[in-house]
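Protein sequences appear in the order of chains D and B.
Take the first sequence: its position 272, counted from the start at 1, is 356 in our numbering, and no numbers get skipped.
Take the second sequence: its position 209, counted from the start at 1, is 293 in our numbering, and no numbers get skipped.
Quick reminder that beta carbons are idealized off the backbone N, C-alpha and C, glycines included.
Just so we're clear, the structure is a prediction, and the values are computed from it rather than from any experiment.
Okay, structure first, notes after.
Number of protein chains: 2
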Amino acid sequence: MDQTSPTDPAAPDRMAATAPASVEEFRARLALVMDDLPRRLRQCADYIAANTDRIAVSTVAELAAGADVPPSALMRFCQILGFSGFSEMQRLFREAYAPGWPDYATRLKNLKEGGAGSPSALLGEFIEAGRLSLEALAKSADEAALAQCVAVLAAAQTVHVIGLRRAFPVACYLAYVFEKMSVPAMLHDSVGKLDHRFALRPGDAVLAITFAPYSEETIALAQDARTRGLPVVAMTDQLTSPLARFSDAVLTVPEVDFGAFRSLSATIAMAIALAVAVGSARGE
Amino acid sequence: MDQTSPTDPAAPDRMAATAPASVEEFRARLALVMDDLPRRLRQCADYIAANTDRIAVSTVAELAAGADVPPSALMRFCQILGFSGFSEMQRLFREAYAPGWPDYATRLKNLKEGGAGSPSALLGEFIEAGRLSLEALAKSADEAALAQCVAVLAAAQTVHVIGLRRAFPVACYLAYVFEKMSVPAMLHDSVGKLDHRFALRPGDAVLAITFAPYSEETIALAQDARTRGLPVVAMTDQLTSPLARFSDAVLTVPEVDFGAFRSLSATIAMAIALAVAVGSARGE
DNA sequence: GGATTTTTGGAATAAATATTCCAAAAGAAC
DNA sequence: GTTCTTTTGGAATATTTATTCCAAAAATCC
Chain D
85 MDQTSPTDPA
95 APDRMAATAP
105 ASVEEFRARL
115 ALVMDDLPRR
125 LRQCADYIAA
135 NTDRIAVSTV
145 AELAAGADVP
155 PSALMRFCQI
165 LGFSGFSEMQ
175 RLFREAYAPG
185 WPDYATRLKN
195 LKEGGAGSPS
205 ALLGEFIEAG
215 RLSLEALAKS
225 ADEAALAQCV
235 AVLAAAQTVH
245 VIGLRRAFPV
255 ACYLAYVFEK
265 MSVPAMLHDS
275 VGKLDHRFAL
285 RPGDAVLAIT
295 FAPYSEETIA
305 LAQDARTRGL
315 PVVAMTDQLT
325 SPLARFSDAV
335 LTVPEVDFGA
345 FRSLSATIAM
355 AIALAVAVGS
365 ARGE
Chain B
85 MDQTSPTDPA
95 APDRMAATAP
105 ASVEEFRARL
115 ALVMDDLPRR
125 LRQCADYIAA
135 NTDRIAVSTV
145 AELAAGADVP
155 PSALMRFCQI
165 LGFSGFSEMQ
175 RLFREAYAPG
185 WPDYATRLKN
195 LKEGGAGSPS
205 ALLGEFIEAG
215 RLSLEALAKS
225 ADEAALAQCV
235 AVLAAAQTVH
245 VIGLRRAFPV
255 ACYLAYVFEK
265 MSVPAMLHDS
275 VGKLDHRFAL
285 RPGDAVLAIT
295 FAPYSEETIA
305 LAQDARTRGL
315 PVVAMTDQLT
325 SPLARFSDAV
335 LTVPEVDFGA
345 FRSLSATIAM
355 AIALAVAVGS
365 ARGE
């Protein structure tokens with residue numbers, strides 16, 4: 085008896101005493117437990133981590149089938165996480181459940197129904213394109229590549245930013261954020277067709293942005309920098325972009341466009357994150 | 085007996101034969117039935133209409149309690165809507181719920197958890213800020229104001245675009261889109277501190293963009309145009325913005341920012357929609 | 001005001017779902 | 001290879017939840 089009491093030091097203490105009270109806590113505990121778990125329970129953890137959102141609307145049997153384990157395994161998994169059982173875990177997610185659609189989707193539909201080609205219909209489409217781009221970025225972002233880009237730029241003396249045509253707004257914003265974060269940066273804007281390639285000094289780095297159809301000047305500057313041994317960071321649409329060949333680190337940004345125009349939402353989100361991260365890294 | 089057969093023409097045919105197959109159909113049927121329903125069923129209809137989103141994660145008893153009716157009443161209500169019972173109705177909403185978060189929110193959380201201040205955490209935050217901005221724009225966009233802006237700009241000879249500092253990326257992109265759509269436009273970029281205010285000719289219009297803290301030059305140009313009798317269209321954050329005073333039409337764009345930087349997603353979506361709409365209107 | 005129809009509430013039942021438990025399998029330790 | 005521990009799967013059970021049914025209450029009609 086004494087040896088099986090809850091505080092028995094010999095017992096595997098995988099079973100937490102208290103249930104997570106929020107989705108954040110849930111994730112924290114999941115991450116904690118994740119690493120040393122036997123096979124079946126591991127499957128549960130993986131499946132649940134990837135399908136957290138379905139907990140609120142599924143039964144034990146459904147989730148177990150998805151994870152390809154018997155229901156009892158999933159049951160044990162819930163308990164390891166600290167819940168008394170599946171129902172308690174589900175309650176957490178049912179309460180947190182708040183789909184975006186009650187209002188947003190309806191409203192978007194109304195906008196789009198303003199008549200094809202009407203200003204509000206266009207607005208609806210661009211909002212949608214922006215949202216999809218951001219979601220795609222969230223799903224596809226390569227954290228390692230981002231960290232590498234930050235490292236390269238943080239180590240540079242001066243950051244040379246280049247992006248023309250539709251990438252120009254992004255380049256501008258980058259220059260703005262770099263300035264605010266006190267990062268020495270130069271915007272290569274091609275004003276007056278002046279080419280400032282000799283501003284590139286040893287110790288500097290280039291941040292080049294271009295999307296198909298790739299702009300020649302941007303690629304030329306990147307190539308030039310490369311030849312002179314300066315590191316180049318690229319923001320582009322594909323790993324196969326010509327820019328990627330001259331770059332030391334590549335960030336690909338998915339962007340959904342409607343009609344002929346990019347939403348730029350994802351590109352800008354990535355750009356600010358990059359610039360702010362570089363600014364902080366230098367500050368230290 | 086013969087009089088109570090399922091096809092009895094005298095029976096109230098409130099009971100639809102086939103169940104709604106989508107959320108839209110569901111709403112349509114609800115609206116249809118809504119009007120002539122006895123008291124308790126009416127309560128069900130009202131409550132369900134206002135809490136559609138909770139169907140997926142509630143039990144009959146919970147919803148019935150919310151509507152303040154006995155469970156059996158809610159049960160009948162489901163059948164009137166054409167479902168075999170509550171479970172069938174719930175299935176519809178549980179399945180429809182897939183697109184909301186499919187994987188995105190999970191992934192976003194992971195990004196943010198990369199450690200406070202890490203590049204990927206920042207990216208997660210900016211993605212979120214962008215998404216919230218777009219949703220807010222969808223909800224708040226004023227279609228009439230947008231249409232009015234389009235009308236004003238479509239009637240202009242040349243569109244003068246001005247936006248500095250953080251609004252500059254937006255101004256650039258507008259200039260780019262106008263060019264692609266063959267709309268005569270001039271970007272006032274303040275390069276060399278050159279002031280091109282005399283480029284404003286009768287028949288032209290100004291499109292000014294600025295957010296708090298409002299940039300002086302932008303307001304000055306708008307004011308100048310106004311004095312000379314040219315129409316001014318404003319993109320800004322508040323109806324109380326100083327820009328609004330000199331403008332004939334105002335577009336307010338909600339933008340959520342994270343830290344010191346705006347996501348610009350909503351602003352850009354609005355800008356492209358505006359420019360494309362103006363382009364089309366002129367083409368006709 | 002009585003007859004007829006409709007609506008209602010709740011008790012009874014059916015079905016689905018969660019949860020436990022234990023014998024068997026797998027794995028680790030010796 | 002044997003023993004001991006951990007993990008597993010599924011059958012048995014408990015619990016919750018949905019659904020039906022019918023008598024009582026309202027409402028409607030004559």
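Practice prompt. State yes or no: is the beta carbon of P380 of chain D nearer than 8 Å to at least one beta carbon in chain B?
Written response: The first residue shown for chain D is 85 and the last is 368, placing residue 380 of chain D beyond what the model contains.
Discussion item. Can you look up V236 of chain D in the DSSP assignment and give me helix, strand or coil?
Written reply: helix
Practice prompt. Identify every run of the beta strand (DSSP E) within the region 253-339 of chain D, keeping only runs that are complete inside it and at least 3 residues long; order them along the chain.
Written response: 269-272, 289-293, 316-320 and 333-336
Worksheet item: Where does D226 of chain D sit, in a helix, a strand or coil, going by DSSP?
Response: coil
Practice prompt. Could you list which residues in chain D have their beta carbon closer than 8 Å to that of C256 of chain B, in chain order?
Written response: F252, P253 and C256
Practice prompt. Pick out whichever of D:D137, D:L158 and D:N135 has its Cα sitting closest to the Cα of V144 of chain D.
Written response: D:L158
Discussion item. Using C-beta distances below 7 Å, list every residue in its chain close to V154 of chain B, excluding the 5 sequence neighbours before and after it, in chain order.
Written reply: Checking the displayed sequence, the identity of residue 154 of chain B turns out to be Pro instead of Val. Result list for P154 of chain B: A148, in chain order.
Worksheet item: Could you give the distance in angstroms between the alpha-carbon of V267 of chain B and the alpha-carbon of R215 of chain D?
Response: 27 Å
Fill in: Minimum C-alpha distance to A359 of chain D - residue among B:F210, B:A229, B:L291 and B:A255
B:F210
Worksheet item: According to DSSP, is D120 of chain D helix, strand or coil?
Response: coil
Worksheet item: Where do the ends of the alpha helix (DSSP H) carrying V360 of chain B lie?
Response: S349 to G367
Worksheet item: Ends of the alpha helix (DSSP H) at V243 of chain B?
Response: No alpha helix (DSSP H) contains V243 of chain B, which is instead part of the beta strand (DSSP E) from V243 to G247.
Practice prompt. With a 10 Å radius around its C-beta and 16 neighbouring C-beta atoms as the bar for buried, classify P183 of chain B as buried or exposed.
Written response: Caution is warranted here: a pLDDT of 45 is assigned to P183 of chain B, below 50, making its placement in the model unreliable, and the coordinate value is therefore given only provisionally. Answer is exposed; the Cβ neighbour count stays below 16.
Worksheet item: Are Q174 of chain B and D152 of chain B touching if we call contact CB-CB under 8 Å?
Response: no
Worksheet item: If S347 of chain B sits next to S217 of chain B, beta carbons under 8 Å apart, how far is it from one beta carbon to the other, in whole angstroms?
Response: 5 Å
Fill in: Helix, strand or coil at P104 of chain B according to DSSP, with G and I counted as helix
coil
Worksheet item: Does the Cβ of R178 of chain B have 16 or more other Cβ atoms within 10 Å, making it buried, or fewer, making it exposed?
Response: buried
Practice prompt. Round the Cβ separation of V317 of chain D and V236 of chain D to the nearest angstrom and send it over; I've been treating them as touching at under 8 Å.
Written response: 6 Å
Worksheet item: Considering R138 of chain B, what are the terminal residues of the alpha helix (DSSP H) in which it resides?
Response: No alpha helix (DSSP H) holds R138 of chain B; DSSP gives it neither H nor E.
Worksheet item: If you draw a straight line from the C-alpha of L248 of chain D to the C-alpha of I303 of chain B, how long is it?
Response: 27 Å
Worksheet entry | Length of the line joining the Cα atoms of V363 of chain D and L230 of chain D | Contrary to the premise, residue 363 of chain D reads as Gly rather than Val in this sequence. Roughly 14 Å separates the two Cα atoms.
Fill in: The alpha helix (DSSP H) enclosing L158 of chain B, as first and last residue numbers
P155 to I164
Item to complete: Quick one: list the residues of chain B neighbouring V275 of chain D, beta-carbon separation under 7 Å, in chain order.
Response: V275
Worksheet item: Is it the case that the Cβ atoms of A240 of chain D and D288 of chain D are separated by a distance below 8 Å?
Response: yes
Worksheet item: Using a Cβ-Cβ distance under 8 Å, would G363 of chain D count as near chain B?
Response: no
Worksheet item: Smallest Cα separation from L323 of chain B: which of B:G166, B:L335 and B:A238?
Response: B:L335
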